[in-house]
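Chemist: Mind having a look at this structure? Questions to follow.
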Amino acid sequence: MLFGRKRQNDELDWNNLPEHIGIIMDGNGRWAKRRGLPRTAGHRVGAETFRKIARHAQSIGIGYLTVYAFSTENWKRPPEEIETIMNLLHDYLLEARESLGRENIVLRCIGDPGRLREDLQQMIREISAMSESNTGLIVNIALNYGGQDEIVHAVNAALAKRAQAGLPAQLTKQEIEDNLYTAGQPMPDLIIRPSGEMRLSNFLTWQSAYSEFYVTEKLWPDFNEQDLERAIAAYQKRNRRFGGV
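In my numbering, the protein residues as written are 406 to 650.
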């Protein structure tokens, strides 16, 4: 799909867009329950919402989009629900393999892929390598991801590098950031959470230290392009002080 021009939304300052947006894609199960449908139906519609929002983020000039797709805690869910989510991921990766070059999107998966099915791990490796030279939106899909686990991973990786170099085990903040899954990327400016829940749920725990939060009562399957722009408009009205005055 080719991307259109930026929307002419008078509420937005097109010169002050957040560079990096994180989204906790929450509410698929509740969306389905309210309609008397199985939870898996909510995940299917939620997957389509992700596609729409990623395309719109690209079209309006967002640089980075990180979405919370499957947490380390989500393995506690019913097996049939997990299977549906993994099959939807498989379908998306198949589609992405054909479209990412055309759409100029860079796709990365963050988290620990080791527990995913082998076919998914292989597809993630292939697509990440295929899209690495693209120059458009960078999409991070958080899979088998936990923010606390990410920090442990980063600390251990940084300590291992110090040990290999014969340096003392005394880390700096920068060394930890250099070993996060999102190393080299800007910290998220804006984190959006549909479903009205007022918590991070272990998402980008380190990176969100100075992020602005936007919570909407809409459930993720109902979230649309206009909702994304409303969140950005709200972000642009904030006074980001980063601990200053």
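The C-beta atom is built at its ideal place from N, Cα and C for all residues, glycine as well.
These numbers were taken from a predicted model, which means no experiment stands behind them.
Taking the alpha helix (DSSP H) that Gly468 falls in, what are its first and last residues?
Modeler: Run containing Gly468: none; DSSP gives neither H nor E here.
Chemist: Considering only their Cβ atoms, is the gap separating Leu498 from Met535 smaller than 8 Å?
Modeler: Their beta carbons are not under 8 Å apart, which means Met535 does not touch Leu498 by this criterion.
Chemist: So who's on the other strand from Ser476, going by DSSP bridges?
Modeler: Beta-bridge pairing links Ser476 to Tyr550.
Chemist: I'd like to check one pair, Pro626 with Asn433: are the Cβ atoms closer than 8 Å?
Modeler: Yes, the Cβ-Cβ distance between Asn433 and Pro626 is below 8 Å.
Chemist: Run the CB neighbour count on Phe647, radius 10 Å, all protein chains shown included, and call it buried at 16 or more, exposed below.
Modeler: Its Cβ having fewer than 16 others within 10 Å, Phe647 is exposed.
Chemist: Please determine if the region 533-549 and the region 563-582 are in contact, where contact requires at least 3 C-beta pairs separated by less than 8 Å.
Modeler: In short, these stretches do not touch, since the Cβ pair count stays below three.
Chemist: Quick one, are the C-beta atoms of Asn479 and Glu634 less than 8 Å apart?
Modeler: No, they are not a contact pair.
Chemist: Which of the three DSSP states is assigned to Pro597 in this structure?
Modeler: The displayed chain sequence assigns Ile, not Pro, to residue 597. DSSP places Ile597 in strand when its eight states are reduced to three.
Chemist: Return the chain-ordered list of same chain residues with a C-beta closer than 8 Å to the C-beta of Glu630, the five sequence neighbours on each side being excluded.
Modeler: Answer for Glu630: Arg412, Lys457, Ile458 and His461, listed in chain order.
Chemist: Beta carbon of Gly427, beta carbon of Pro593: below 8 Å?
Modeler: In this structure, Pro593 lies closer than 8 Å to Gly427 by Cβ.
Chemist: Out of Leu595, Lys623 and Gly649, which one is the CA nearest neighbour of Leu470?
Modeler: Looking at the Cα atoms, Leu595 is the closest of the given residues.
Chemist: Tell me, to the nearest whole angstrom, how far the beta carbon of Thr477 is from that of Asn584; I am working on the premise that it is less than 8 Å.
Modeler: Not a contact, Cβ separation roughly 18 Å.
Chemist: Please return the same chain residues whose Cβ sits closer than 6 Å to the Cβ of Glu508, not counting the five positions on each side in sequence.
Modeler: Same-chain partners within the cutoff: there are none.
Chemist: Should Arg604 be labelled buried (16 or more other beta-carbon atoms within 10 Å of its own) or exposed?
Modeler: Exposed, because fewer than 16 other Cβ atoms sit within 10 Å of the Cβ of Arg604.
Chemist: Is it the case that the Cβ atoms of Leu494 and Ala501 are separated by a distance below 8 Å?
Modeler: Not closer than 8 Å, so no.
Chemist: So what does DSSP say about Arg645, is it helix, strand or coil?
Modeler: Three-state DSSP puts Arg645 in coil, outside helix and strand.
Chemist: Give the DSSP-derived three-state secondary structure of Asn539 in the structure shown.
Modeler: The answer is coil: DSSP assigns Asn539 none of H, G, I, E or B.
Chemist: For Ile510, which of helix, strand or coil comes out of DSSP?
Modeler: Of the three classes helix, strand and coil, the one that applies to Ile510 here is coil, per DSSP.
Chemist: Taking the straight line between their C-alpha atoms, what separation do you get for Leu609 and Ile515?
Modeler: Cα to Cα, the separation comes out at about 10 Å.
Chemist: Give a yes or no on contact between the region 556-572 and the region 433-448, applying the rule of three or more CB pairs nearer than 8 Å.
Modeler: The region 556-572 vs the region 433-448: no contact.
Chemist: Please say whether Ile597 and Ala563 have beta carbons closer to each other than 8 Å?
Modeler: Not in contact: Ala563 and Ile597 (Cβ atoms no closer than 8 Å).
Chemist: Take Pro443 as the anchor and find which of Ile490, Gly506 and Glu602 has the nearest alpha-carbon.
Modeler: Taking only the C-alpha atoms, the option nearest Pro443 is Ile490.
Chemist: What does a CB cutoff of less than 7 Å around Glu582 pick up in its chain, not counting 5 residues either side in sequence?
Modeler: Ala588, listed in sequence order.
Chemist: Since Phe628 and Thr454 should fall inside the 8 Å C-beta cutoff, what is the C-beta to C-beta distance between them, to a whole number of angstroms?
Modeler: The Cβ separation is near 6 Å, so the contact holds.
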